[in-house]
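Here's the structure, in structure tokens; my notes come after.
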Amino acid sequence: MHKSCFHIPQMDCAAEENLVRMKLEPVEAVQGLEFDLSKRLLTVFHEAYLDGIEAALYSLNLGAQLLESAPTQETVPTQARQRKLLWIVLVINAAFFAIEMTTGLISRSMGLVADSLDMLADALVYALSLLAVGASVVRKKQVARWSGYFQLSLAILGFVEVLRRFLGFESLPDFRVMIVVAALALIANTVCLYVLQRSHDREAHMQASMIFTSNDIIINLGVIIAGLLVNWLDSGTPDLIVGALVFVVVIRGAMRILKLAN
């Protein structure tokens, strides 16, 4: 068995990790995968041939670069434990989707609504990774395609609502709810990163660079800042701006899923 290490600069959150999993799973030579999101590293345990693995990674356009490849006697990472931890982060993301969507609608905050869709996007990717286990390639692509379209539709509707609120008159969002709920989501995302790191049987150090380069956590911080600006400026514009930016992130994720499905 061989072990090859890749640097993937644009693999900056768990969603990209799971897209890589889905892409490499059909490759027969792959025996196991190991991820380090904080360093953007992917380790592939595989049979001697590497061409199919490189082609699959390069097709994702995430900037993958082969660092080294050599024979190894290491044990392949177990998938059962990783699957269990993926269920944990799936439940966390799905729960916070419901929480942020509900509180976002009640508080009239597009930032929270958009952040909830980003949580939903991650939950969908985790679900895709779990549902794809044992399924045919055609079935995997069908599930991925419908997930991508659903995610894209929600983001487009969100953009329309942001535009409507920007052009019309809307009461100010409740900045207190924005800050409190976004802070809780920040904690939830940090827990998710910790859990995912545990799946690699490594000690999780939660380095600052790892936290602040995660799209999800940056979004949470953006909603908190938007809440502070809403209060300071007495204007709902910061909330709308953050909401629009998050919808861009959601659309970006949806397009990647659709590209993978095709």
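For what it's worth, the working numbering labels the leading residue of the sequence shown as 37, then goes sequentially.
Glycine residues also receive a C-beta, built at the ideal position from the N, C-alpha and C atoms.
Close-in-space but distant-in-sequence residues of the same chain around residue i (CB under 8 Å, 5 per side omitted)
{"i": "Ile81", "result": "Note that residue 81 is Phe in the sequence shown here, rather than Ile. Answer for Phe81: Met37, His38, Lys39, Val66, Gln67, Gly68, Leu69, Glu70, Thr108, Glu110, Val112, Pro113, listed in chain order."}
{"i": "Asn256", "result": "Asp151, Ala218, Ala219, Ala221, Leu222, Asn225"}
{"i": "Ser105", "result": "His38, Lys39, Ser40, Cys41, Leu86"}
Close-in-space but distant-in-sequence residues of the same chain around residue i (CB under 6 Å, 5 per side omitted)
{"i": "Ala290", "result": "Gly184, Gln187, Leu188"}
{"i": "Leu153", "result": "Leu190, Val286"}
{"i": "Leu98", "result": "Ile44, Gln46, Met47"}
Residue from the options with nearest C-alpha to residue i
{"i": "Ala218", "options": "Gly204, Val259, Leu229", "result": "Val259"}
{"i": "Arg144", "options": "Asp72, Leu190, Phe202, Leu126", "result": "Phe202"}
{"i": "Leu96", "options": "Ala130, Val125, Leu77, Met47", "result": "Met47"}
{"i": "Arg181", "options": "Ile293, Phe42, Glu52", "result": "Ile293"}
{"i": "Phe42", "options": "Leu60, Leu78, Glu53", "result": "Leu78"}
{"i": "Leu141", "options": "Val198, Leu103, Trp123", "result": "Val198"}
{"i": "Leu103", "options": "Asp210, Val149, Pro45", "result": "Pro45"}
{"i": "Val125", "options": "Leu98, Ile253, Asp158", "result": "Asp158"}
{"i": "Leu60", "options": "Ala84, Glu83, Ala92, Leu156", "result": "Ala92"}
{"i": "Asp210", "options": "Arg76, Tyr230, Ser271", "result": "Ser271"}
{"i": "Asp72", "options": "Met155, Tyr230, Lys120", "result": "Tyr230"}
{"i": "Lys75", "options": "Glu53, Trp123, Glu90", "result": "Glu53"}
For residue i, the residue or residues it bridges with in DSSP
{"i": "Ser40", "result": "Val80, Ser105"}
{"i": "Val259", "result": "Its beta-bridge partners do not exist; DSSP assigns none."}
{"i": "Gly68", "result": "Phe81"}
Cβ shell of residue i (< 7 Å), same chain only, five flanking positions each side left out
{"i": "Gly88", "result": "Val63, Ala65"}
Residue i and residue j closer than 8 Å at C-beta
{"i": "Ala224", "j": "Ile128", "result": "yes"}
{"i": "Asp275", "j": "Met146", "result": "yes"}
{"i": "Val266", "j": "Leu208", "result": "yes"}
{"i": "Thr273", "j": "Val213", "result": "no"}
{"i": "Leu264", "j": "Ile215", "result": "yes"}
{"i": "Val284", "j": "Ala262", "result": "no"}
{"i": "Gly194", "j": "Val149", "result": "yes"}
#### Entry: Minimum length 4: unbroken alpha helix (DSSP H) runs contained in the stretch 186 to 210
none
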